[in-house]
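Protein chains in written order, with our numbering: chain G, 1201 to 1442; chain X, 1201 to 1442; chain V, 1201 to 1442; chain W, 1201 to 1442.
For each residue, glycine too, the CB sits at the ideal point set by N, CA and C.
If you're wondering where the values come from, they're calculated on a predicted model, not measured in any experiment.
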């Protein structure tokens, strides 16, 4: 299987079974909701580049479900009265992002509980899991994502969604610090701009985990499932241990 | 005061008192120890670019102490028997960083409790605080840094140390998610290379907090302390609230 | 104001302003929902003694709102598919509580998302806050309660609800460890039986915080609010510091 | 194997393999240090009843090591300058415990880093692990105990030490909420007095986990090890899954 090391495609050497074993793996899809993706002027926190990945994410998730890889959708939801964001300790991006992009007209509506801005754009299957208490950039704090992963017996996560240079990168740091093996699906994440996307993936490849194409992950997992069916036990044992 | 937004120096507009108020601010200096900075072939996790900031960090800390801004030194220490790293869930960088830089000869010795690799290179004053249970990329998990900051009544942190594109960036994410206002001292952090340093600072300026020169921070804090002495109460009140 | 020390009523001496200052205080009401309180044979996790406190809790909350003390309602909700409880790492009480009380007929339905068992029995006002990701005995892990309290600027919590000897006691431990000052409203908590209620309150009074009557808390807070109106600043300053 | 349910000894029925499987089990021994156990007038936080368990704990640990069950010693250590306790957010017990026991002469010295009050009274073997950042009643927050347990692959913990009605009980709550299966070694814990010890063990048996004699645990684990040697795989499989 190929991975991208500092932006350069190359074959993954041996010794990475803890990262790529299909058993114990879950997909964590981050913030692919209307609040980032809506193509309307009132979109409260636009991440327009991420619209490009929606179809690919849906296909990736469908393929993963067929291989019995669970899919977890994480989304930002803050209390409707603003008590844990704009009327509390206001999210830092509300201060600093406008210094770069200028005023964001409807940003106060971002992630408000009960609003359309919390609706997923990607397909959520009945078998999937949802974490809907993301409040800031992290998918882990103060959510129950780590708790859910423990309950599911997950040891490895594959990330997709937006934005590469903030919430994806933050989730990659957190997951890795907590002991999960991390892979980022390079073609299924988008960020502020091409420069930041490229840099975030480079950082991940240097310090945190693997960066790979989603098709290559599906192919690798499919191969493992076939071996399991055929009785070859090699990677299964890794999964049980890893 | 000037800050750097996506790499561009510009004056900080109003509305950022929560970030720059001197009261309630602490400096968090990350991993400026022999394990990264030693200029010997057995340095277990070399971050040679960070050697450049040691003198500047010492001066910054000295000036901060004179302004009654507490200094917290964080360092990586893992158990000497390897149980929480190389013989446990091995740090992810041990897998992926060598894909970029090649084998790291003495990396197994990194951060081992009791070894010289855990000795600070920067000066630690009797008034300073030390957090010595950093285990992975985060300065917050699984350490007591947040607990210490709560006990000190801290609301704002200024980060320096290494490496910009992993542990500094990770600490910036964590601190911000926990509700602390974050500033990174641009001249006092170093990373993997110039490209990654530049990109990490851009990400911080977009999503997390302020990026500023250490001299400008000292000047701003000094100005506030003088105003306080003169009895002008403006920023004091912010500090009490913020 | 009187408190109960190891079950014995006595006047609270000086030096406890950090615990009783009305500013910075929030009420945390735990698990007063149908899943514990329903008086039907299919109640999945019966805590029948707690039915006695519902009216008192409602009165306490109403009085607190008039004094601008925020009310936070915490409830247990687990995923409807059982993935984070009965089909995951099953809650420990499911194993051990039946050793004492015998089989609990409908216990698998406890706290299932979307079921009536997650409906509050107590009144939830539009100004109140709800934390609905309690999964186990703790009100803090893996919920966003601490995050919410930070955002609200809360330093002191007053607990009511059920059960005294598990979730109330657990919340008291957690809140105290996190640096909040804890008071338990003695008349507004109920547990497994009188012996366990009495013992849990004794433990709290020994190690964690204050045990007091709800009426005495309201009276104390009302007195402070009157003093504030009258301009007496004493406890206000404590609240700002504490 | 027998357990104690609400204080009554009875045989443990089937279905508790997740609790008693020897593989994946660690012993967590809490706060058996001079600060609690010293029999001198300057003992800063006396827990005299716990002196009774020291010999038994040493024997239990020795037997456990022979069965390859890891032993983790947790102790309270706060910064020597008081910044994270008496000069920070002072531990709650410092306020409330004296209401019951009267003034505690040398309590300010409790757990001070570098002092004799942080020395273990029990034997610490070279194979054991030490967690020395306990700051309040919890053995988990803000320490790295959960991180260590994850790295060791631990799923079950057996608690001993002091005090039953505060730090042991708190650790039992935390461990259970985090998904670990909990057993308390009934004969190897001591608390404030007999009433509180009895009540805490009852609470644990109702809501959290098993209460058992240490000799019975050693016998059960020994039996399992013998079966493993003999090739009987039953509980091994549980351990791998559980």
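What does the alpha-carbon distance come out to for the pair residue 1311 of chain X and residue 1277 of chain X?
Counted from its first residue, the second chain places residue 1311 of chain X at position 111. Counted from its first residue, the second chain places residue 1277 of chain X at position 77. Spanning the two alpha carbons is a distance of roughly 5 Å.
Given this structure, state the Cα-to-Cα distance separating residue 1255 of chain W from residue 1426 of chain W, to the nearest angstrom.
Sequence index remark: in the fourth chain, residue 1255 of chain W carries index 55 (1-based). Sequence index remark: in the fourth chain, residue 1426 of chain W carries index 226 (1-based). Distance between the alpha carbons of residue 1255 of chain W and residue 1426 of chain W is about 26 Å.
Measure the alpha-carbon distance for residue 1383 of chain G versus residue 1207 of chain G and round it to whole angstroms.
Here residue 1383 of chain G is taken as the residue at index 183 of the first chain, counted from 1. Here residue 1207 of chain G is taken as the residue at index 7 of the first chain, counted from 1. Their Cα atoms are separated by approximately 14 Å.
Report all residues from its chain with a CB closer than 6 Å to the CB of residue 1308 of chain W; omit the five preceding and five following residues, and keep chain order.
Taking the first residue of the fourth chain as 1, we reach residue 1308 of chain W at position 108. Counting only Cβ-Cβ distances below 6 Å, and skipping sequence neighbours, we find 1286.
Of all Cβ atoms in chain X, is any one closer than 8 Å to the Cβ of residue 1414 of chain G?
Residue numbering aside, residue 1414 of chain G sits at position 214 when the first chain is read from its first letter. Judged by the 8 Å Cβ criterion, residue 1414 of chain G is not in contact with chain X.
Name, please, each residue of chain W whose Cβ falls closer than 7 Å to the Cβ of residue 1288 of chain X.
As a first step, residue 1288 of chain X must be located in the second chain, where it is residue number 88. In chain order: 1351 and 1352.
Contacts around residue 1263 of chain W, its chain only, beta-carbon distance under 6 Å, and the 5 residues preceding and following it disregarded
Along the fourth chain, read from residue 1 onward, the residue named residue 1263 of chain W stands at position 63. Same-chain partners within the cutoff: 1418.
At a CB distance below 8 Å, what residues from the region 1377-1395 of chain G approach chain X? Give them in sequence order.
1377, 1378, 1379, 1381, 1382, 1392 and 1395
For residue 1249 of chain X, which option in X:1430, X:1406 and X:1395 has the closest C-alpha, if you only look at C-alpha atoms?
By 1-based counting over the second chain, the position of residue 1249 of chain X is 49. Closest by alpha carbon: X:1395.
Hey, quick one: how far does the alpha helix (DSSP H) through residue 1414 of chain V stretch, first residue to last?
Residue numbering aside, residue 1414 of chain V sits at position 214 when the third chain is read from its first letter. Unbroken alpha helix (DSSP H) run through residue 1414 of chain V: 1414-1430.
Could you check which residue in V:1430, V:1352, V:1291 and V:1357 has the C-alpha nearest to that of residue 1279 of chain G?
Locating residue 1279 of chain G in the first chain gives position 79, counting from the first residue. Considering only alpha carbons, the answer is V:1352.
Given residue 1403 of chain V as reference, the closest of W:1296, W:1406 and W:1342 once Cα atoms are compared:
Here the question's residue 1403 of chain V lines up with position 203 in the third chain. Answer by Cα proximity: W:1296.
Cβ neighbour criterion (16 or more within 10 Å) applied to residue 1412 of chain V:
For the purposes of this step, residue 1412 of chain V is identified with residue 212 of the third chain, where counting begins at 1. Buried.
Cutting at 8 Å between CB atoms, please list the residues of its own chain near residue 1338 of chain W, excluding the five before and the five after it.
The sequence position of residue 1338 of chain W within the fourth chain is 138, counting from 1. If we look at residue 1338 of chain W and ignore the five residues flanking it on each side, its Cβ neighbours are 1367, 1370, 1371 and 1374.
Which residues in chain X sit within 8 Å of residue 1297 of chain G, going by Cβ to Cβ distance?
For this step, residue 1297 of chain G is matched to residue 97 along the first chain. Those within 8 Å of residue 1297 of chain G in chain X are 1406 and 1407.
On the DSSP letters alone, give me the boundaries of the beta strand (DSSP E) that residue 1227 of chain G sits inside.
To locate residue 1227 of chain G, count along the first chain from 1; it is residue 27. That run of the beta strand (DSSP E) goes 1225-1230.
Taking contact to mean at least 3 C-beta pairs separated by less than 8 Å, is the region 1317-1333 of chain X in contact with the region 1221-1234 of chain G?
no
Minimum Cβ-Cβ distance from residue 1342 of chain X to chain W less than 8 Å
As a first step, residue 1342 of chain X is located in the second chain; it is residue number 142 there, counting from the start. Yes, its Cβ sits closer than 8 Å to a Cβ of chain W.
Suppose the cutoff is 6 Å on Cβ atoms and the five residues either side in sequence are ignored; what does the same chain contact list for residue 1244 of chain X look like?
Within the second chain, the letter at position 44 stands for residue 1244 of chain X. So the list reads 1235, 1306, 1307, 1309, 1310 and 1317, once near-sequence residues are dropped.
Which of helix, strand or coil does DSSP assign to residue 1272 of chain G?
Here residue 1272 of chain G corresponds to residue number 72 of the first chain, with the count starting at 1. Here residue 1272 of chain G sits in strand by DSSP.
8 Å is my cut-off, CB to CB: does residue 1300 of chain V come that close to chain W?
Here residue 1300 of chain V corresponds to residue number 100 of the third chain, with the count starting at 1. At least one chain W Cβ lies under 8 Å of residue 1300 of chain V.
Quick one: is residue 1439 of chain X buried, meaning 16 or more other Cβ sit within 10 Å of its Cβ, or exposed?
Residue mapping note: residue 1439 of chain X aligns to position 239 of the second chain, counting from 1. Annotation note: pLDDT 49 at residue 1439 of chain X (below 50); position unreliable, coordinate value reported separately. That one is buried.
Suppose you measure from the CA of residue 1301 of chain V to the CA of residue 1252 of chain G; what does that come to, to the nearest Å?
Here the question's residue 1301 of chain V lines up with position 101 in the third chain. Here the question's residue 1252 of chain G lines up with position 52 in the first chain. Roughly 56 Å separates the two Cα atoms.
Which stretch, first to last residue, makes up the beta strand (DSSP E) that contains residue 1210 of chain X?
Here residue 1210 of chain X refers to the residue found at position 10 when the second chain is read from its first residue. Residues 1208-1211.
Leaving out five residues on either side along the sequence, give the residues of the same chain with a beta carbon under 7 Å from the beta carbon of residue 1408 of chain X.
Position 208 of the second chain, counted from the first residue, corresponds to residue 1408 of chain X. Around residue 1408 of chain X: 1372, 1373, 1376 and 1382.
Is there a C-beta anywhere in chain X that falls below 8 Å from the one on residue 1239 of chain W?
For the purposes of this step, residue 1239 of chain W is identified with residue 39 of the fourth chain, where counting begins at 1. Answer no: the Cβ-Cβ gap between residue 1239 of chain W and chain X never drops below 8 Å.
Can you list the beta strand (DSSP E) stretches of 3 or more residues lying completely in the region 1231-1313 of chain X, in chain order?
1271-1276
Does the Cβ of residue 1268 of chain W have 16 or more other Cβ atoms within 10 Å, making it buried, or fewer, making it exposed?
Mapped onto the fourth chain, residue 1268 of chain W falls at position 68. Flag for residue 1268 of chain W reads exposed.
8 Å is my cut-off, CB to CB: does residue 1312 of chain X come that close to chain W?
For the purposes of this step, residue 1312 of chain X is taken as the residue at position 112 of the second chain. No, its Cβ sits nowhere closer than 8 Å to a Cβ of chain W.
Among all the DSSP beta bridges, which residues are the ones paired with residue 1357 of chain W?
The residue you call residue 1357 of chain W lines up with position 157 of the fourth chain. Paired residues: W:1226 and W:1382.
Tell me the residue span of the alpha helix (DSSP H) that contains residue 1402 of chain W.
Sequence index remark: in the fourth chain, residue 1402 of chain W carries index 202 (1-based). Looking at the DSSP string, the run of the alpha helix (DSSP H) that includes residue 1402 of chain W is 1394-1407.
Distance, residue 1282 of chain W Cα to residue 1343 of chain W Cα
Counting from one through the fourth chain, the residue named residue 1343 of chain W turns up at place 143. Counting from one through the fourth chain, the residue named residue 1282 of chain W turns up at place 82. Spanning the two alpha carbons is a distance of roughly 18 Å.
Below 8 Å on the Cβ atoms is my contact criterion, and I expect residue 1424 of chain W with residue 1238 of chain W to pass it. Report the Cβ-Cβ distance as a whole number of Å.
Here residue 1424 of chain W refers to the residue found at position 224 of the fourth chain. Here residue 1238 of chain W refers to the residue found at position 38 of the fourth chain. In fact, because the Cβ distance is near 38 Å, the residues do not count as touching under 8 Å.
Which residue wins for smallest C-alpha separation from residue 1290 of chain V, given the options W:1401, W:1203 and W:1216?
Within the third chain, the letter at position 90 stands for residue 1290 of chain V. When each option's Cα is compared against that of residue 1290 of chain V, the closest is W:1216.
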